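FYI, our numbering numbers position 266 of the sequence shown as 618, with every residue one higher than the one before it. From the three backbone atoms N, C-alpha and C, an ideal C-beta is built for every residue, glycine too. Note that the coordinates shown come from a computational prediction; the quantities given were computed from them, not determined experimentally.
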Amino acid sequence: MKRKVTKAVFPVAGLGTRFLPATKSIPKEIMTLVDRPLIQYAIDEARAAGITDFIFVTSRGKSALEDYFDHAPELEGTLRRAGKTELLEMVKATNMDSGAIAYVRQNRPLGLGHAVWCARRLIGNEPFAVILTDDVIAGETPCLKQMVDAYAELGGGNMVAAMEVPPSKAPSYGMLDIKEDMGSLVAVSGMVEKPSAEDAPSNLAVIGRYILTPRVLQNLNRLKQGAGGEIQLTDAIAEEVERGEPVWGFRFRGQRFDCGSKAGFLQATVAFGLARDDLRDELARYLYEVVALQKAAQ
Ligand code: G1P
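Structure follows, in structure tokens:
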């Protein structure tokens with residue numbers, strides 16, 4: 353099966369409890385890095401990789417996400433009349449064409465594997481991408497585009513983004529067992545979801561970008577519980593390894609921010625602020641002052 357990857361699944365059903373009370377009324381994915389919601393970064397990355405079909409796995413309380421991607425005729429009209437062309441273009445760029453975006457509900461929080469499985473009918477029989485919006489990756493070439501290009505060369509199998517983490521962090525990730533390390537590509541011989549530091553097969557962690565074959569969805573059909581009592585995507589991919597199907601780890605070029613954690617979110621905010629021409633000088637000056645004050649206080 354050598355087919356272009358055109359569909360991407362965005363599991364966005366999570367409660368976002370780590371960001372309460374903010375997430376009491378706004379979906380975590382709408383929280384902003386500078387002035388763009390997390391979900392916008394994910395969508396832009398998918399578009400850059402050639403994705404044309406966007407599948408959102410949502411849950412109750414996530415309607416703000418649907419509104420965000422809808423056309424906003426009143427707002428657009430007001431901006432147009434006021435001659436605010438730049439803002440108008442910015443708003444219009446967030447619109448999704450009817451039919452390009454589909455929403456399915458995950459009616460119970462049973463895990464990432466279950467969330468992806470909920471999209472099975474919309475995915476059909478072709479390779480598809482999964483993007484976890486918590487993992488924001490800054491890089492010259494967007495991460496998923498790097499992966500899609502590498503995947504086209506391989507012509508099949510499954511691919512997960514991968515990154516080295518300190519052993520103490522293994523319990524937060526899916527961890528890879530390595531058969532052969534070829535640099536940017538790693539042939540995977542096993543995968544474990546959230547092992548203890550001692551049990552981790554390597555220090556290579558799965559980061560939230562995947563290109564998967566529809567067989568992974570079939571593996572999920574059994575809805576088998578894994579780590580933490582959840583239905584794990586990692587386990588369904590690991591089954592492919594066991595079956596002798598190729599699974600690749602892909603060491604992407606870029607900096608990854610864990611926007612699922614408060615510290616990671618703050619770091620990303622600073623990094624994306626410093627990357628902006630209109631904010632860099634003022635923000636850098638402020639950071640410099642803060643650091644100088646901290647040093648003086650020590
Ligand atoms: C999920 C996956 C895990 C992966 C991680 C990357 O975990 O289950 O395998 O390493 O995303 O961010 P979560 O962070 O949702 O607990």
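query, result
"Alpha helix (DSSP H) segment containing residue 442, residue limits", "437-444"
"Residues bridged to residue 359 (per DSSP)", "405"
"At least three beta-carbon pairs within less than 8 Å, the stretch 443-458 to the stretch 410-419", "yes"
"Contact test: residue 558 Cβ vs ligand 1 heavy atom, cutoff 7 Å", "yes"
"Inter-residue spacing [alpha-carbon to alpha-carbon] between residue 370 and residue 520", "20 Å"
"Member of 627, 568, 548 and 431 whose CA lies at the smallest distance from the CA of residue 579", "548"
"Residue 545 CB to nearest heavy atom of ligand 1 below 7 Å", "yes"
"Counterpart residues of residue 545 in DSSP-defined beta bridges", "526"
"Ligand 1 heavy atom lying under 7 Å from the CB of residue 525", "yes"
"Coil, strand or helix - residue 480 by DSSP", "strand"
"Burial state of residue 645 (16 or more Cβ within 10 Å)", "exposed"
"Cα-Cα separation, residue 498 to residue 478", "19 Å"
"Where the alpha helix (DSSP H) containing residue 617 begins and where it ends", "614-626"
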